[in-house]
Amino acid sequence: SHYVRTLLGPQGPGDVAITVLDKLTYAGNPANLDEVRAHPGFAFVQGDICDPELVGKLMAEHDQVVHFAAESHVDRSIDGGAEFVRTNVVGTHTLIDAAHRAGIETFVHISTDEVYGSIDEGSWPETHPLQPNSPYSSAKASSDLIALSYHRTHGLDVRVTRCS
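If you want it as structure tokens, here you go:
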């Protein structure tokens, strides 16, 4: 929502149209988008990234994707990892496959540094091997690899960020 508010705000790039697709699970808060709700370039769709029909329809209306959607929180994944695999792996595949089919120019996949494992201090270089320690980080690592495979196989412009 900060990303959306920044792009649609007065310091944003200008003529931009953004569609937010959100299932509004336990962490979803539509009030975070209240200040941009009336913006002519803003659309909100409540739905599931695992729904190929919905995702395909939305992709046809866009030229770029920034994929923030994910189940998160390591502790929740340890208690039950199936929803993490469904959303983070299957959902990412649904999104990127639809992006490829729709001719999307750029697909930005937001990931996590958790895919590298644990570190006491400092940070990992991007060349560090993936060593996930939880169902959450394993699902995110899997989604990263799916996204990157669409770059290698189909030439889709894919960018993966692994922020802390």
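For my numbering, add 76 to where a residue sits in the sequence shown, where the first one is 1.
Idealized CB from N, CA, C, for every residue including glycine.
For clarity, every value in this text was computed on a predicted model and none was experimentally measured.
Restricting attention to N164, K216, V191, I222, the CA atom closest to the CA of Q207 is found in V191.
Under a 10 Å Cβ-count criterion, G156 is classified as exposed, with fewer than 16 other Cβ atoms of the shown protein chains found around its own Cβ.
Among the bridge pairs identified by DSSP, D98 is matched with Q122.
Here D98 is buried, its C-beta having at least 16 other C-beta atoms within 10 Å. Here the C-alpha atom of A107 lies approximately 28 angstroms from the C-alpha atom of S213. Cβ neighbours of I154 within its own chain (closer than 7 angstroms, five residues either side excluded): S210, P211. Every alpha helix (DSSP H) of 4 residues or more that sits fully in the segment 106–191 is shown, in chain order, as 128–135, 150–155, 167–178. The beta-carbon distance between N164 and A146, rounded to whole angstroms, is 5 angstroms. This is short enough to meet the 8 angstroms contact definition. Annotated three-state conformation of V92 is coil, per DSSP.
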